[in-house]
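J.: Attaching a single structure in structure tokens format; questions to follow.
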Amino acid sequence: MSDGQWLKEFSMAITVTDQSGKIIEMNDQAIKLFAKDGGKELIGKDVFECHPEPARKKLVEMTAGETINCYTTEKNGIKKMIYQAPWYQDQEFNGFVELSFAIPLDLPHFVRK
Numbered sequence: 556m557s558d559g560q561w562l563k564e565f566s567m568a569i570t571v572t573d574q575s576g577k578i579i580e581m582n583d584q585a586i587k588l589f590a591k592d593g594g595k596e597l598i599g600k601d602v603f604e605c606h607p608e609p610a611r612k613k614l615v616e617m618t619a620g621e622t623i624n625c626y627t628t629e630k631n632g633i634k635k636m637i638y639q640a641p642w643y644q645d646q647e648f649n650g651f652v653e654l655s656f657a658i659p660l661d662l663p664h665f666v667r668k
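What follows is the structure, encoded as structure tokens:
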């Protein structure tokens, strides 16, 4: 499994950018998720150009600060978790990974002690 093949068909949409914001990888779910926007053709495109304001401004801030962004969204009765986090190689910032996946509308929340 060291070749990363499992990511290709993983049920979560995974999109990866480099430090300049260029989309460098998308798994099958991400390609499906963004099919209306170009799907696989988005690889090589500038992620900042793919987002309207205020999302673009948020991405610029995240890049400058190398910060994590996490939120939920709902569309057409489907609730999703979006998790965007910087990735590093040899402790050097290399871009962002976005994970997008459906969650139940009534997702349970547990407080652990």
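Under the numbering used here, read the sequence shown as residues 556 to 668, first letter to last. Ideal Cβ positions, reconstructed from N, Cα and C, are used throughout, including at glycine.
Applying the 10 Å Cβ sphere with the 16-neighbour rule, what's the burial state of Thr653?
T.: Contrary to the premise, residue 653 reads as Glu rather than Thr in this sequence. Its Cβ being crowded by 16 or more others within 10 Å, Glu653 is buried.
J.: Are the beta-carbon atoms belonging to Ala610 and Ile623 less than 8 Å from one another?
T.: No; because the gap between Cβ atoms is not below 8 Å, this pair is not in contact.
J.: Please report the distance separating the alpha-carbon of Ile637 from that of Val571.
T.: C-alpha separation (whole angstroms): 13 Å.
J.: Within the stretch 577 to 647, note down every full alpha helix (DSSP H) run reaching 4 residues or more, in order along the chain.
T.: Entirely contained in the stretch 577 to 647, the alpha helix (DSSP H) runs reaching 4 residues are, in chain order, 583 to 588, 610 to 620.
J.: Measure the CB-CB distance between Gln560 and Gly650 and report whether it falls below 8 Å.
T.: The answer is no: Cβ separation not under 8 Å.
J.: Going by other Cβ atoms of all chains shown within 10 Å of its Cβ, with 16 needed for buried, is Gly620 buried or exposed?
T.: It counts as exposed.
J.: Can you have a look at Leu662 and say buried or exposed, based on whether 16 or more other CB atoms are within 10 angstroms of its CB?
T.: Exposed, since its Cβ has fewer than 16 Cβ neighbours within 10 Å.
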